[in-house]
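So the sequences go chain by chain: A and B. Here UniProt numbering is used: the first residue of the first sequence is 1, the next is one more, and so on. Here UniProt numbering is used: the first residue of the second sequence is 1, the next is one more, and so on. Right, one structure below, let's go through it.
Number of protein chains: 2
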Amino acid sequence: MISVVILGAGNVATHLFKVFNKTENITVRQWFNRNLKPIDQYKNSVSITDKLEALKDADVYILAVSDDAIAGISSQLPFENRLIVHTSGCVNIHDMDKKNRRGVLYPLQTFSKAATIDFSNVPICIETLDKKDYHLLKHLAVSIGSPTKRINTNQRKVLHLAAVFVNNFTNQLYRIGHEITESEGAEFDLLKPLIIETAKKVQTMSPYMAQTGPAKRNDQKTIKNHLSLLENNHHKDIYNLLTQAIQRTHGRKKL
Amino acid sequence: MISVVILGAGNVATHLFKVFNKTENITVRQWFNRNLKPIDQYKNSVSITDKLEALKDADVYILAVSDDAIAGISSQLPFENRLIVHTSGCVNIHDMDKKNRRGVLYPLQTFSKAATIDFSNVPICIETLDKKDYHLLKHLAVSIGSPTKRINTNQRKVLHLAAVFVNNFTNQLYRIGHEITESEGAEFDLLKPLIIETAKKVQTMSPYMAQTGPAKRNDQKTIKNHLSLLENNHHKDIYNLLTQAIQRTHGRKKL
Ligand SMILES: NC(=O)c1ccc[n+]([C@@H]2O[C@H](COP(=O)([O-])OP(=O)(O)OC[C@H]3O[C@@H](n4cnc5c(N)ncnc54)[C@H](OP(=O)(O)O)[C@@H]3O)[C@@H](O)[C@H]2O)c1
Ligand SMILES: NC(=O)c1ccc[n+]([C@@H]2O[C@H](COP(=O)([O-])OP(=O)(O)OC[C@H]3O[C@@H](n4cnc5c(N)ncnc54)[C@H](OP(=O)(O)O)[C@@H]3O)[C@@H](O)[C@H]2O)c1
């Protein structure tokens, strides 16, 4: 049995609470938030508190709070030598107070409170200073059905950066697709199956092998047509830059 | 019963042949390609030919050939007043010889010969000069289980352009994610569930509503960290441009 205290009541904390709470070999001993309002509804299934001094004993304390709050809370903890972990992709492990044993449980997925999460689709990247702590965290992650990977600080940072490219930037390309189509009264809905297929393709094929289209073929006539269709200069810049990137990757002549 | 002649033997032609061939109310009367080699293996299930003069009578002729070949083949056809359609997202309907009735069946999906295709995930965009022809093409597309949409030339062109953003450019962002992670010995595999989730999110939520991340939050510290992690200047340019695009979309201060 692994006992856990959760700190924070945002997207990540809430999903962790829910999955831990239904996992046989995990007990959520306590749930802390600086204000009780968001966790009050769970008080019948877990002990809740808004006082760090009232924190109970547990195998691991999960600081699922805003990046900027991690260091501060870690130094306010009224105990020593216990295992504390944060869940951030970019906060340094050494930013947490060294009076406790430290680790990171970085869930490489996008969380929002409203959406349900299947933890088998949430790779959990684990970083610890002490190897013994790694085994406990791995056991915790495996218990909720997540794939796990031991990583170092640099690897966590590049994964967080790569996540911005494949999630936030990709979503912005969807947004541009939305703008372009709706400007002519065409439907963004028509693009949805293609969006899914594009994401599925790289599950089994490298993005290098999966590339197609006018940039890769160096089809200058289509590229010119597309640029003349684009009315927004910012969209033109993105078209040019990504076309060049594809051509560089695939050894075509530089634009 | 709708009778069809397919011209071309590439990705699109091959998938169309397979789905038509197993659809009850569609007969593939003949399959033409300028060389018989790729279609020879199908000669027991369909009449094949490499001679335009030998083309049989059919309700519709589908020119699923390279964009540049569409106009030429359309004028070499040895008949008049029949319905011919191409499958391209960007070739003008008027580029086909006007001796025949003309239309477009643009399948808004990515095809490769190796991958299997479920036509219920292939929206078929239909353009015709004559309304009567539209009904036949719609009937054809519905018979193979595809969603259909009647569109005009401009709408087809912007859909093709938007497809480049959500497919080719998105795939290049996946590629950059691959490069960044592997450069530190982290695994691209860890990003795959996030890639799927990002694509799934916009199936039910607009890309505008789905946006998250440091650019949207205007989290300058993280943005600076990311830029200093990026060693490749081309990747930096893309990071900057897409960060600005997100901030413009979401009304943040311009960088
Ligand atoms: N969301 C994601 O997709 C995702 C994915 C992977 C990792 N992460 C990481 O997980 C952590 C939490 O993210 P989240 O999305 O769950 O955040 P969130 O929804 O914004 O919630 C943040 C939580 O932190 C608390 N908090 C903020 N400042 C605090 C302070 N000074 N003292 C005490 N508590 C404070 C907030 O308390 P109140 O309830 O009182 O406001 C809130 O409960 C972050 O490190 C983030 O980088 C997030
Ligand atoms: N692939 C996609 O994802 C996709 C998606 C939507 C629309 N489309 C459109 O569908 C059409 C076909 O694309 P595809 O990907 O199937 O192409 P493809 O795989 O490259 O095949 C092209 C076919 O056209 C034939 N061809 C080329 N030049 C010709 C010529 N001068 N005369 C006669 N035949 C010629 C080729 O004959 P050989 O076999 O002799 O080389 C080949 O069978 C294009 O208009 C494309 O824009 C493609």
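Ideal Cβ placement from N, Cα and C applies to all residues, glycine included.
Paired residues, beta bridge with residue i - DSSP
{"i": "C125 of chain A", "result": "A:Y106 and A:K149"}
{"i": "R101 of chain A", "result": "A:L83"}
{"i": "F111 of chain A", "result": "DSSP lists no partner for F111 of chain A."}
{"i": "Q30 of chain A", "result": "A:V5"}
{"i": "T49 of chain B", "result": "B:F32"}
{"i": "Y61 of chain B", "result": "B:V5 and B:I84"}
Buried versus exposed call for residue i [16 or more other C-beta atoms within 10 Å across all chains shown]
{"i": "T204 of chain B", "result": "exposed"}
{"i": "N167 of chain A", "result": "buried"}
{"i": "V133 of chain B", "result": "Strictly speaking, residue 133 of chain B in this sequence is Asp, with Val absent from that position. D133 of chain B is buried by the Cβ-count criterion."}
{"i": "N25 of chain B", "result": "exposed"}
{"i": "Q220 of chain A", "result": "exposed"}
{"i": "F79 of chain B", "result": "exposed"}
{"i": "Q155 of chain A", "result": "buried"}
{"i": "Q41 of chain B", "result": "exposed"}
{"i": "V91 of chain A", "result": "buried"}
{"i": "V142 of chain A", "result": "exposed"}
{"i": "V15 of chain A", "result": "Note that residue 15 of chain A is His in the sequence shown, not Val. Under this definition H15 of chain A is a buried residue."}
{"i": "A245 of chain B", "result": "buried"}
{"i": "T116 of chain B", "result": "exposed"}
{"i": "H226 of chain A", "result": "buried"}
{"i": "A54 of chain A", "result": "exposed"}
{"i": "residue 260 of chain A", "result": "Nothing about residue 260 of chain A can be reported from this structure: the residues present for chain A run from 1 to 255 only."}
{"i": "N171 of chain A", "result": "buried"}
{"i": "K254 of chain B", "result": "Since pLDDT at K254 of chain B reaches only 47, below the 50 mark, its modelled position is unreliable, and the value read off the structure follows with that caveat. Result: exposed."}
{"i": "A13 of chain B", "result": "buried"}
{"i": "G145 of chain B", "result": "exposed"}
{"i": "M96 of chain B", "result": "buried"}
{"i": "H235 of chain B", "result": "buried"}
{"i": "H94 of chain A", "result": "exposed"}
{"i": "S74 of chain A", "result": "buried"}
{"i": "G72 of chain A", "result": "exposed"}
{"i": "Q211 of chain A", "result": "buried"}
{"i": "G185 of chain A", "result": "exposed"}
{"i": "residue 257 of chain A", "result": "This structure gives no information on residue 257 of chain A, because the portion of chain A shown stretches from 1 to 255."}
{"i": "H135 of chain A", "result": "exposed"}
{"i": "G8 of chain B", "result": "buried"}
{"i": "K201 of chain B", "result": "buried"}
{"i": "D59 of chain B", "result": "buried"}
{"i": "K131 of chain A", "result": "exposed"}
{"i": "G213 of chain B", "result": "buried"}
{"i": "A224 of chain A", "result": "Checking the sequence, you will find Lys at residue 224 of chain A rather than Ala. Answer is exposed; the Cβ neighbour count stays below 16."}
{"i": "L173 of chain B", "result": "buried"}
Any non-hydrogen atom of ligand 3 within 7 Å of residue i CB
{"i": "R34 of chain B", "result": "This structure does not include ligand 3; its bound ligands are ligand 1 and ligand 2."}
Exercise. Going along the region 146-172 of chain A in order, which residues come within less than 7 Å of chain B, judged by CB to CB distance?
Worked result: K149, I151, N154, Q155, K157, V158, L159, L161, A162, A163, V164, F165, V166, N167, N168, F169, T170, N171 and Q172
Exercise. Looking at C-beta atoms only, is the number of pairs between the region 110-117 of chain A and the region 84-94 of chain A that lie closer than 8 Å three or more?
Worked result: no
Exercise. Between the region 145-156 of chain A and the region 171-183 of chain A, do three or more beta carbon pairs fall short of 8 Å?
Worked result: no
Problem set entry | Contact residues within the region 231-250 of chain A, judged by C-beta distance below 9 Å to chain B | H234, H235, D237, I238, Y239, L241, L242, T243, Q244, A245, I246, R248 and T249
Exercise. Between the region 46-58 of chain B and the region 25-34 of chain B, are three or more C-beta pairs nearer than 8 Å?
Worked result: Note that the region 46-58 of chain B touches the region 25-34 of chain B; at least 3 beta-carbon pairs, one per stretch, sit closer than 8 Å.
Exercise. Quick one: any contact between the region 121-140 of chain B and the region 93-106 of chain B, if contact means 3 or more CB pairs under 8 Å?
Worked result: yes
Problem set entry | Proximal residues, the region 68-97 of chain A versus chain B, C-beta separation under 7 Å | So the close ones are C90.
Exercise. Going along the region 105-117 of chain A in order, which residues come within less than 7 Å of chain B, judged by CB to CB distance?
Worked result: Within the region 105-117 of chain A, contact with chain B at the beta-carbon level (separation under 7 Å) is assigned to L108, Q109 and T110.
Problem set entry | Proximal residues, the region 191-214 of chain B versus chain A, C-beta separation under 8 Å | L191, K192, P193, L194, I195, I196, E197, T198, A199, K200, K201, V202, Q203, S206, P207, Y208, A210, Q211, T212, G213 and P214
For this session: Residues of the region 173-185 of chain A with a CB closer than 8 Å to any CB of chain B: list them in chain order, please.
Result: L173, Y174, R175, I176, G177, H178, I180, T181, S183, E184 and G185
Exercise. The region 18-44 of chain A: which residues have C-beta closer than 7 Å to a C-beta of chain B, in chain order?
Worked result: Cβ contacts with chain B come from no residue of the region 18-44 of chain A.
Problem set entry | Residues of the region 118-136 of chain B with Cβ closer than 8 Å to any Cβ of chain A, in chain order | From the region 118-136 of chain B, only N121, V122, P123 and C125 have a Cβ closer than 8 Å to chain A.
Exercise. Listed in chain order, which residues of the region 5-16 of chain B have Cβ atoms closer than 7 Å to some Cβ of chain A?
Worked result: none
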